[in-house]
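Colleague: First to last, the protein sequences are chains A and B. Residue numbering for the first sequence follows the working numbering, starting at 1 and increasing by one per position. Residue numbering for the second sequence follows the working numbering, starting at 1001 and increasing by one per position.
There are 2 protein chains.
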Amino acid sequence: MSPPDSTDVRPLYAKVRGELVERIRSGVWKPGQLIPSEFEIAAEFGVSQGTARKAISALAAERLVMRQQGRGTFVVEHTPAHVLFRFFNMFDADGELITPDSVDASATVARANASEAAALRLDAGADVVRIARVRTRRGSPFIRESIALPHQLFPDLAQTPKLPNTLYDLFQKSYGILLVRTEDRLSAAAADPDTAAALGLAAGAPLLRIERLAFGLDARPIEWRVSLCHLRAAYYLARS
Amino acid sequence: MSPPDSTDVRPLYAKVRGELVERIRSGVWKPGQLIPSEFEIAAEFGVSQGTARKAISALAAERLVMRQQGRGTFVVEHTPAHVLFRFFNMFDADGELITPDSVDASATVARANASEAAALRLDAGADVVRIARVRTRRGSPFIRESIALPHQLFPDLAQTPKLPNTLYDLFQKSYGILLVRTEDRLSAAAADPDTAAALGLAAGAPLLRIERLAFGLDARPIEWRVSLCHLRAAYYLARS
DNA sequence: CAGTGGTCTAGACCACGTG
DNA sequence: ACGTGGTCTAGACCACTGC
Chain A
1 MSPPDSTDVR
11 PLYAKVRGEL
21 VERIRSGVWK
31 PGQLIPSEFE
41 IAAEFGVSQG
51 TARKAISALA
61 AERLVMRQQG
71 RGTFVVEHTP
81 AHVLFRFFNM
91 FDADGELITP
101 DSVDASATVA
111 RANASEAAAL
121 RLDAGADVVR
131 IARVRTRRGS
141 PFIRESIALP
151 HQLFPDLAQT
161 PKLPNTLYDL
171 FQKSYGILLV
181 RTEDRLSAAA
191 ADPDTAAALG
201 LAAGAPLLRI
211 ERLAFGLDAR
221 PIEWRVSLCH
231 LRAAYYLARS
Chain B
1001 MSPPDSTDVR
1011 PLYAKVRGEL
1021 VERIRSGVWK
1031 PGQLIPSEFE
1041 IAAEFGVSQG
1051 TARKAISALA
1061 AERLVMRQQG
1071 RGTFVVEHTP
1081 AHVLFRFFNM
1091 FDADGELITP
1101 DSVDASATVA
1111 RANASEAAAL
1121 RLDAGADVVR
1131 IARVRTRRGS
1141 PFIRESIALP
1151 HQLFPDLAQT
1161 PKLPNTLYDL
1171 FQKSYGILLV
1181 RTEDRLSAAA
1191 ADPDTAAALG
1201 LAAGAPLLRI
1211 ERLAFGLDAR
1221 PIEWRVSLCH
1231 LRAAYYLARS
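#1: Taking all protein chains shown into account, do 16 or more other C-beta atoms lie within 10 angstroms of the C-beta of residue 1156 (chain B), making it buried, or fewer, making it exposed?
#2: State yes or no: is the beta carbon of residue 94 (chain A) nearer than 7 Å to at least one beta carbon in chain B?
#3: Spatial neighbours of residue 1060 (chain B) within its chain, please: C-beta separation below 8 Å, excluding the five flanking residues on both sides.
#4: Could you pull the start and end residues of the beta strand (DSSP E) that residue 206 (chain A) belongs to?
#5: Identify, in the order they occur along the chain, each residue of the same chain with its Cβ nearer than 7 Å to the Cβ of residue 1077 (chain B), setting aside the five sequence neighbours on each side.
#6: Evaluate contact between the stretch 218-228 of chain A and the stretch 145-160 of chain A, counting only Cβ atoms and requiring at least three cross-stretch pairs below 8 Å.
#7: Secondary structure at residue 17 (chain A), three-state DSSP: helix, strand or coil?
#8: Let's test the definition: count the other Cβ atoms within 10 Å of the Cβ of residue 159 (chain A) and tell me whether it reaches 16, buried, or not, exposed.
#9: Roughly how many angstroms separate the alpha carbons of residue 12 (chain A) and residue 113 (chain A), rounded to a whole number?
#10: Return the first residue and the last residue of the beta strand (DSSP E) that residue 1043 (chain B) is part of.
#11: Below 8 Å on the Cβ atoms is my guess for residue 110 (chain A) versus residue 133 (chain A); work out the distance and round it to an integer in Å.
#12: Is the CB-CB distance between residue 105 (chain A) and residue 20 (chain A) below 7 Å?
#13: Nearest by alpha-carbon distance to residue 153 (chain A): which of A:100, A:197 and A:220 is it?
#14: Counting C-beta neighbours from all protein chains within 10 Å, is the total for residue 14 (chain A) 16 or more, i.e. buried, or is it exposed?
#15: Using a beta-carbon distance cut-off of less than 9 Å, what residues from the stretch 175-199 of chain A approach chain B?
#16: Pick from B:1239, B:1143, B:1176 and B:1218: whose alpha carbon is nearest that of residue 1197 (chain B)?
#17: Under 7 Å between C-beta atoms, does residue 239 (chain A) make it to chain B?
#18: Express the C-alpha separation of residue 83 (chain A) and residue 167 (chain A) in angstroms, rounding to a whole number.
#19: Exposed or buried, what is residue 216 (chain A) when buried is set at 16 or more other beta-carbons lying within 10 Å of its beta-carbon?
#20: To the nearest angstrom, how far is the alpha carbon of residue 1099 (chain B) from that of residue 169 (chain A)?
#21: What are the partner residues of residue 136 (chain A), as DSSP defines its beta bridges?
#22: Straight-line CA distance for residue 1005 (chain B) to residue 1023 (chain B)?
#23: Relative to the alpha-carbon of residue 206 (chain A), which residue among B:1200, B:1189 and B:1209 has its alpha-carbon at the smallest distance?
#24: Taking residue 1168 (chain B) as the query, report the chain A residues whose CB atoms sit under 8 Å from its CB, ordered along the chain.
#25: Just curious, the beta strand (DSSP E) that residue 1184 (chain B) is in, first and last residue?
#26: Closest to residue 38 (chain A) by CA distance: which of A:29, A:51 and A:28 is it?
#27: Taking Cβ positions only, does residue 13 (chain A) come closer than 7 Å to chain B?
#28: From the DSSP output, read off the bridge partner residues of residue 236 (chain A).
#29: Starting from residue 24 (chain A), follow its DSSP beta bridges and name the residues at the other end.
#30: Please classify residue 202 (chain A) as buried or exposed, where buried requires at least 16 neighbouring CB atoms within 10 angstroms.
#31: Return no unless some Cβ of chain B is closer than 7 Å to the Cβ of residue 122 (chain A).
#32: If you check the beta carbons only, do residue 191 (chain A) and residue 90 (chain A) fall under 7 Å apart?
#33: What does residue 1220 (chain B) pair with, by DSSP beta-bridge criteria?
#34: Excluding the 5 residues flanking residue 208 (chain A) on each side, which residues of the same chain have their C-beta closer than 7 Å to its C-beta?
#35: If we define contact as Cβ-Cβ less than 7 Å, is residue 1100 (chain B) a contact residue for chain A?
#36: Could you tell me which chain B residues have their CB closer than 8 Å to the CB of residue 207 (chain A), listed as they occur along the chain?
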C-alpha cells in the first residue's frame, strides 16, 4: 500500500494499524487465524506495547479482528451465522432475526450497464457478474434481489455450481475479499409485474427497496445489490 | 445513580465515566459548556490522566461530548443543524442531506393507547403528548408523522405556541432531556386515504414507513415516532 | 503454571488554539 | 507563552484461558 516515507505524519499507531490491515487484506493472516500478541507486534515494529495495543484496538473497533482475553486476537471469520448477524438487518415482528433461504440463484457474466458501472466505479467496458435470486422464509418468497460484482475480482464465480445462501463468507474464503462496510439506501416502491409474480403478490403492492453498496478493505465498492422486499409484519432495523 | 459500593467491580475509567454522564444528565454541566481538563478530572477523582482520558474518550465515542485539540472538551449541544446531521437520515438523489420544514404541527395530551404505552414502557393510565405534523421540502409535503412522548417528562409541551422544526434541540434546552440513540424500524406501506390526501397522492401509493424509538441517557425510551414518507428519488441512508 | 488481553500509572513530548 | 487534547513510553498488576 503506501510505502513508509519521511513525510508520513500519521501517528505511530496509525502506521502500525495500516501494516496490520495490509496483512489481513493480502491474506498473510487468514480468516480465523490467531495473530501475534501485543508484545510480539510491539517488538516487531519497535514500538511500546501501548502503541501496539492502540493499533490492534482500532482493528477490533472496525471488526477486522476479535479480541478474547486470555486467548489472543483472531482475524474475523465470515461464517454464515456471523454474516447474517452482522450484515442482515431484517427482523420479525417479535424481534427475532430473520434467517432467509436462497432459491433460484443464477449467476451470469455480462458487460456492465451504466448504473452498475457507476455504482461499482468500473471502467467503461468492464464486465460484471450478475446474480439474480429470490429469498424465502419458511418456504414463502419475500425478497427478490439482483446483485452485481466486478468480474475481475470474481473470475469464476459464475461457474460455481450452487451458490450459497450467504455470499460474503464465500467472498472471504474463496476470493480473499473481506467486506467491512455497507451503505443501504432505503425507499418504497410499487411491485412491478415481474416482481409481483416472483413474490406471489398483486402488481402495485408496496415493497421496501434496499439498494446496498458493500465496501472492502481498500474502501472500494465490491458489491451492488438491489433488494425488493415484501416484509409483512417484519422490518429493517437501523440503529442510532 | 448507582452509589459507589465495595462490590463494584467495574474498571476505574468506567466509574469515572458514569460520574461524568451523571453530571450531563442532571444538568450540572449544561449543553455547550466547557468541562474541566483531563488533568483536573484526574485530580478530582484521584486517578491518573490516562484513566481520566479513557473515561472522557468513551463519552466522546458516545457523542455526549465533543473534544477539540487546543480548546477543550464541550458537552454536546443539540442545535437544529446538529440534530439534522445526526438524526435525520434522508438524502436527495444527488446525495445532499434533505432539510425538511415542518407545518401544521399540533400537540395534544391524552391517555396513552396500547401501542404508545408499550413502545414507551409507560404504566397503565399514563398520559402522552401527541404531536401530528406534515413535513415539506421546497414547499411540497413529503412526510406525515405522529409522535408520542411521556407527558410526565414534557409537562407543558402541548401549550408551546409554535413547535420548532427540529424537536430534539427543544427537548435538550427546555426539558433537559438529551437523546443519544435511536432505533428505526423501516418497512413499506400503502398510503391510506388520510395520508394520501395529506401528501397529495393517490390512495395506495407506496410509502416508506419509519417507526422510530429514541432513547435518553438512562436508556429509557423517550420518543415514539411513526413517519410515512413519500420520497420520490430520495432515500433513507443506513450505514454499516 | 505461563501467556494472553485489560487496566492503571507517571511521566514525557507534540500539535493545536487562544490570548 | 500557555493550556488544551493527542501521542508515546516503560513498567506494573489483574483477569481470564488453556495446558
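Backbone N, C-alpha and C fix where the C-beta goes; we use that ideal spot for every residue, glycine too.
Modeller: To lay it out plainly:
#1: The residue in question, residue 1156 (chain B), is exposed, as its Cβ has fewer than 16 Cβ neighbours within 10 Å.
#2: So no, residue 94 (chain A) is outside the interface.
#3: Same-chain partners within the cutoff: 1066, 1067 and 1073.
#4: Bounds of the beta strand (DSSP E) holding residue 206 (chain A) are 206-215.
#5: 1031 and 1032.
#6: The stretch 218-228 of chain A is in contact with the stretch 145-160 of chain A.
#7: It is helical.
#8: With fewer than 16 other Cβ atoms within 10 Å, it is exposed.
#9: Here the C-alpha atom of residue 12 (chain A) lies approximately 43 Å from the C-alpha atom of residue 113 (chain A).
#10: Run containing residue 1043 (chain B): none in the beta strand (DSSP E); it sits in the alpha helix (DSSP H), 1038-1045.
#11: Your pair residue 110 (chain A) and residue 133 (chain A) does not check out as a contact, with CB atoms roughly 16 Å apart and the cut at 8 Å.
#12: A distance of 7 Å or more separates the beta carbons of residue 105 (chain A) and residue 20 (chain A).
#13: Of the candidates A:100, A:197 and A:220, the one whose C-alpha sits nearest the C-alpha of residue 153 (chain A) is A:220.
#14: Counting the other Cβ atoms within 10 Å of the Cβ of residue 14 (chain A) gives fewer than 16, which makes it exposed.
#15: Residues are counted here when their Cβ sits less than 9 Å from a Cβ of chain B; for the stretch 175-199 of chain A these are 180, 181, 182, 183, 184, 185, 186, 187, 188, 189, 190 and 191, given in chain order.
#16: Among B:1239, B:1143, B:1176 and B:1218, the Cα nearest to that of residue 1197 (chain B) belongs to B:1143.
#17: So, interface residue.
#18: Their backbone Cα atoms lie some 9 Å apart in a straight line.
#19: Residue 216 (chain A) comes out buried.
#20: Taking the straight line joining both Cα atoms gives about 39 Å.
#21: DSSP lists A:101 and A:141 as partners of residue 136 (chain A).
#22: For residue 1005 (chain B), the predicted structure reports a pLDDT of 47, less than 50, and the residue's modelled location is therefore unreliable. A value from the coordinates is still provided. Near 19 Å, if we compare the C-alpha coordinates of residue 1023 (chain B) and residue 1005 (chain B).
#23: Ranking the options by Cα distance to residue 206 (chain A), first place goes to B:1189.
#24: Within chain A, no residue comes near residue 1168 (chain B); the closest Cβ sits about 13 Å away, beyond 8 Å.
#25: Residue 1184 (chain B) -> beta strand (DSSP E) spans 1181-1190.
#26: The residue with the shortest Cα to Cα distance from residue 38 (chain A) is A:51.
#27: Under the Cβ criterion of 7 Å, residue 13 (chain A) is not counted among the residues facing chain B.
#28: Paired residue(s): A:90 and B:1186.
#29: According to DSSP, which records beta bridges pairwise, residue 24 (chain A) is partnered with nothing at all.
#30: It is exposed - the Cβ of residue 202 (chain A) has fewer than 16 other Cβ atoms within 10 Å.
#31: Not one beta carbon of chain B lies nearer than 7 Å to the beta carbon of residue 122 (chain A).
#32: Cβ atoms of residue 191 (chain A) and residue 90 (chain A): not closer than 7 Å.
#33: Residue pairing by DSSP places residue 1220 (chain B) in no beta bridge whatsoever.
#34: Only 186, 188, 229, 231 and 236 meet the Cβ criterion.
#35: Residue 1100 (chain B) does not count as touching chain A.
#36: Within chain B, the C-beta atoms nearer than 8 Å to that of residue 207 (chain A) come from 1188 and 1206, in chain order.
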